[in-house]
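Trainee: Dropping a structure here in structure tokens format, bear with me for questions.
There are 2 protein chains.
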Amino acid sequence: MPEQTAANRPTLEAVAARAGVSRATASRVVNGGAGVRQPLVDKVRAAVDELGYVPNHAARSLVTRRHGAVAVIIAEPEFRVFSDPFFAQQLRGISRELTSRDVQLVLLWVEDESDHGRIARYLAGGHVDGAIAFSLHGDDRLPTLITESKVPAVLGGRPGTETGPTLPYVDTDNRGGAREAVRHLVSLGRRSIAHIAGPGDQTSALDRIAGYHDVLIDPDPELLREGHFTEESGARAMAELLDRRPDVDGVFVANDLMALGALRVLRERGLRVPQDVAVVGFDDMEAVVRASDPALTTVRQDVEGLGRLSVKLLVKLLNRPAGHVPASVIMPTTLIRRASA
Amino acid sequence: MPEQTAANRPTLEAVAARAGVSRATASRVVNGGAGVRQPLVDKVRAAVDELGYVPNHAARSLVTRRHGAVAVIIAEPEFRVFSDPFFAQQLRGISRELTSRDVQLVLLWVEDESDHGRIARYLAGGHVDGAIAFSLHGDDRLPTLITESKVPAVLGGRPGTETGPTLPYVDTDNRGGAREAVRHLVSLGRRSIAHIAGPGDQTSALDRIAGYHDVLIDPDPELLREGHFTEESGARAMAELLDRRPDVDGVFVANDLMALGALRVLRERGLRVPQDVAVVGFDDMEAVVRASDPALTTVRQDVEGLGRLSVKLLVKLLNRPAGHVPASVIMPTTLIRRASA
DNA sequence: CGCCGTGTTGAAAGCGCTCTCATGTCACGA
DNA sequence: TCGTGACATGAGAGCGCTTTCAACACGGCG
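Chain order of the listed sequences is A and B. If you're matching positions, the first sequence starts at 1 in full-length UniProt numbering and goes up one per residue. If you're matching positions, the second sequence starts at 1 in full-length UniProt numbering and goes up one per residue.
So, in structure tokens, the structure goes:
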């Protein structure tokens, strides 16, 4: 491969000349070689190798109107992205899946509403073939914005109370997973089963509450407490719970991190887990589960799989017969039984 | 702004026609309007607004050979990205700084050496104006790869034992910060000062060790223990330390997370901090520091600033007079005095 | 009054590629 | 032998933009 800088890259023209074919034929070979006879294919391939030819993406996009790139929009205030592996893991799933399709990932990090204009402009600018937005909160205007930009897009996580045309989404079966967790506690013979929920502006938290209510009809409101998905808020919720309902013998906690806090408080109060109080978490986050004592029984969700799935859904959307929007996808959960329940 | 899909976007031609000027003049206005008289500037601006014109990036790149995009290469095995806010924070700094310059961020996540080919191809493909790679380990071939791709690039963090042409980098003053930490312990009158270091394949860990040695000439090797930057490894190192050198009265721990583990062990052993053993961490990671008891004295590094700085350095590199490579940049640290030392 | 420099505008080339369409080739059947 | 259809190939248009260069207008100066 000859020495070359960004400036003097060989063009398809050069490849064609070297291979003794037309630019059109060279182009066909570079794009798969369909409809070109083998000897010519070989010649062109050889020329490509010898010259170190790499197609010019801008030129290609100009004519194909495709970009081989997808925007990933993270709308999340700083603290959550940092405290929660959830995002990194989902992003990794997306990254892997895009990579395997040879599609680039353009990261758009939205800090607040003041960024909306920029995002809208970028999407409308037609720089990407599609978009994946994840982590949306109840009142987020982002889905509307994205819809208006006309860029094919999917959401990671069920959107909130958006009206208007909705985008397809992927999500974990939060409600079903919660049901399974609570049913498990019931099957252990627990009578006073509490729920430490996540923040009410996130659909995942709401869905888990719904699952709790699916199984336990009309529970004492004191048994339902809200945390912020952090260890500390889980501890606080557990403490309050014990103060008001000392008879509690089972707790379904909306995520593992809060469950960790709950376990700590139970330990501090001298209560045995699972004998006195059985605890079930949600997520099956490796680092957290490993740190827990006793080992945490929890509802596993495949976060990386969620990321991958969002890409698959987007791809389906991009290849759809015009006007047909694919259905949203819900990923199943698995109850992982360990020592805590 | 008229209804439009990705397909029927107005072109510069349309804007020019509507404004009653040539395409060339319209282009000048769109790109700042230098050398065009005010009345025409206004007319073109109006036409742009009325038509909702957005320049076609591919067409522009094709002629300017610039892309308005930078690749950010994360080379890190899964577990660290997740356990350590360091990366998200640095990424956010980069994202913010690029956004403010209207440059897009293309994320390339490198899992292992098998991805190197793909990365090299992408960089050589000339899709981006520059690259920022961060989190490199001692034997990483990535810098070489990047250098060979001829794409202007900077590194986040001092690279390891690479030979050959090195890329400019940004890094925290790990050595200076470590010196400051150890000097502080000395100033407190501590006599047996230990160091719990990070893994030996990372330059940041090595530099902090060097800083420790700068202050303490020829310390007992037993006072130096290695961890993996995790809470647990910090605890283990502290336990070993106490077993072998029960006289230890000061510890400089290479990061806050390990310091947290060290504090836990000290507490478990009934030792008072700082009275019996003074502890200094490194990073000043908010979430960790908040969880520590007593409040952790630590060396603050501005991680987000590091990310921003890497962008600034790259910009300098891109605008350099040919052949002139800007110098690497080291960011200063600050000792934050709290209760633990 | 003519010339020249300065500043503004437009015509047109061309960035590197894809893709349509016309042309050519070849095997086969009539 | 010739026509025919299937397939392979090349010529060339054109994607939307920037940028050079020529043309032109205008004012000041000799």
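Just so it is clear, CB atoms sit at the ideal spot from N, CA and C, and this is done for glycine as well. What you are looking at is a predicted structure, and each value in this text was computed from that prediction instead of being measured.
At which residues does the alpha helix (DSSP H) containing B/E286 begin and terminate?
Mentor: From DSSP, the alpha helix (DSSP H) with B/E286 extends over 286-291.
Trainee: In this structure, does DSSP put A/D207 in helix, strand or coil?
Mentor: Here A/D207 sits in helix by DSSP.
Trainee: In terms of residues, what are the limits of the beta strand (DSSP E) holding A/T99?
Mentor: No beta strand (DSSP E) holds A/T99; the alpha helix (DSSP H) holding it covers 85-100.
Trainee: Counting only beta-carbon separations shorter than 7 Å, does A/H228 have a partner in chain B?
Mentor: Cβ-Cβ to chain B under 7 Å: no for A/H228.
Trainee: Start and end of the beta strand (DSSP E) containing residue 342 of chain A?
Mentor: Shown here, chain A extends from 1 to 341; a query on residue 342 of chain A therefore has no answer.
Trainee: Check whether the Cβ atoms of A/A278 and A/A341 lie closer than 7 Å to each other.
Mentor: Cβ distance < 7 Å, so A/A278 and A/A341 count as in contact.
Trainee: Taking just the CA atoms, how far does B/P55 sit from B/A24?
Mentor: Each residue's alpha carbon lies about 14 Å from the other.
Trainee: Determine, for A/Q104, whether the minimum Cβ-Cβ distance to residues of chain B falls below 7 Å.
Mentor: Chain B contact via Cβ: present.
Trainee: Compare the beta carbon distance of B/A131 and B/V103 with 7 Å and say whether it is the shorter of the two.
Mentor: Not in contact: B/A131 and B/V103 (Cβ atoms no closer than 7 Å).
Trainee: Chain B beta carbons: is any one of them nearer than 7 Å to that of A/L242?
Mentor: Chain B, which has no Cβ nearer than 7 Å to the Cβ of A/L242, makes this no.
Trainee: Using 7 Å as the limit for Cβ to Cβ distance, is A/G125 near chain B?
Mentor: Yes, its Cβ sits closer than 7 Å to a Cβ of chain B.
Trainee: Classify A/I73 as helix, strand or coil using the three-state DSSP reduction.
Mentor: DSSP places A/I73 in strand when its eight states are reduced to three.
Trainee: Three-state secondary structure (DSSP) at A/Q104?
Mentor: Three-state result, A/Q104: strand.
Trainee: In chain order, what residues of the same chain have a beta carbon less than 7 Å from the beta carbon of A/L266, not counting five sequence neighbours either side?
Mentor: These residues qualify, in order along the chain: M238, V273, V277.
Trainee: Starting from A/G156, follow its DSSP beta bridges and name the residues at the other end.
Mentor: Answer by DSSP bridge pairing, in chain order: A/F134, A/V170.
Trainee: Can you tell which of B/A254, B/V182, B/A197, B/L206 has its C-alpha closest to the C-alpha of B/G160?
Mentor: The candidate whose alpha carbon is nearest that of B/G160 is B/L206.
Trainee: Out of B/D42, B/L155, B/F229, point me to the one whose CA is closest to B/L313's CA.
Mentor: Ranking B/D42, B/L155, B/F229 by Cα distance to B/L313 puts B/L155 first.
Trainee: The beta strand (DSSP E) spanning B/I196 covers which residue range?
Mentor: Run containing B/I196: 193-197, per the beta strand (DSSP E) assignment.
Trainee: Taking buried to mean at least 16 other C-beta atoms within 10 Å of its own C-beta, is A/D293 buried or exposed?
Mentor: With fewer than 16 Cβ atoms within 10 Å of its Cβ, A/D293 is classed as exposed.
Trainee: Does DSSP classify A/T297 as helix, strand or coil?
Mentor: It is a strand residue.
Trainee: Going by alpha carbons, who is nearest to B/V253 out of B/V29, B/Q275, B/E113, B/G211?
Mentor: Nearest C-alpha to B/V253: B/G211.
Trainee: Could you tell me the distance, in whole angstroms, from the CA atom of B/S192 to the CA atom of B/G250?
Mentor: Taking the straight line from one Cα to the other gives about 6 Å.
Trainee: B/S95 versus chain A: which residues are under 8 Å apart at the beta carbon?
Mentor: Chain A residues near B/S95: L107, W109.
Trainee: Count the other CB atoms, across all protein chains shown, that sit within 10 Å of the CB of B/T5; report buried if there are 16 or more and exposed otherwise.
Mentor: Because B/T5 carries a pLDDT of 49, less than 50, the predicted location of this residue cannot be relied on, and the following value inherits that uncertainty. Answer is exposed; the Cβ neighbour count stays below 16.
Trainee: What would DSSP say about A/V63, mapped onto helix, strand or coil?
Mentor: Residue state, collapsed to three classes: helix.
Trainee: Drop a sphere of 10 angstroms on the beta-carbon of A/P2, count the other beta-carbons inside from all chains shown, and report buried for 16 or more, exposed for fewer.
Mentor: Summary for A/P2: the model assigns pLDDT 45, below 50, so the residue's position carries little reliability; its value from the coordinates is reported in the next sentence. When all chains shown are included, A/P2 counts as exposed.
Trainee: For a cutoff of 7 Å on Cβ pairs, would you count A/R141 as touching chain B?
Mentor: No - not a single Cβ of chain B is within 7 Å of the one on A/R141.
Trainee: How many Å lie between A/L257 and A/I119 at the Cα?
Mentor: Their Cα atoms are separated by approximately 32 Å.
Trainee: Excluding the 5 residues flanking B/A124 on each side, which residues of the same chain have their C-beta closer than 6 Å to its C-beta?
Mentor: Cβ neighbours of B/A124 beyond the five flanking positions: S149.
Trainee: Along the beta strand (DSSP E) that carries A/V280, what are the first and last residues, could you check?
Mentor: Per DSSP, A/V280 belongs to the beta strand (DSSP E) from 278-283.
Trainee: Closer than 8 Å by C-beta to A/R338: which residues in its own chain qualify, once you throw out the five before and the five after it? Chain order, please.
Mentor: Closer than 8 Å at Cβ, skipping near neighbours: V289, P294, A295, L296, T297, T298.
Trainee: What residue does the beta strand (DSSP E) around A/L224 start on, and which one ends it?
Mentor: It spans 224-226 - the beta strand (DSSP E) in which A/L224 sits, taken as one unbroken run.
Trainee: Can you name the residues that DSSP bridges to A/I336?
Mentor: Answer by DSSP bridge pairing, in chain order: A/T298.
Trainee: I'd like to check one pair, A/V21 with residue 373 of chain A: are the Cβ atoms closer than 7 Å?
Mentor: Lying before the first or after the last residue shown, residue 373 of chain A is absent from chain A, which here runs from 1 to 341.
Trainee: Under 8 Å by Cβ, that's how I've got A/A69 and A/V106 pegged, so tell me the actual separation to the nearest angstrom.
Mentor: So it is a contact: roughly 5 Å between Cβ atoms.
Trainee: When the cut-off is 7 Å and only beta carbons count, does B/V54 lie next to chain A?
Mentor: Closer than 7 Å: yes.
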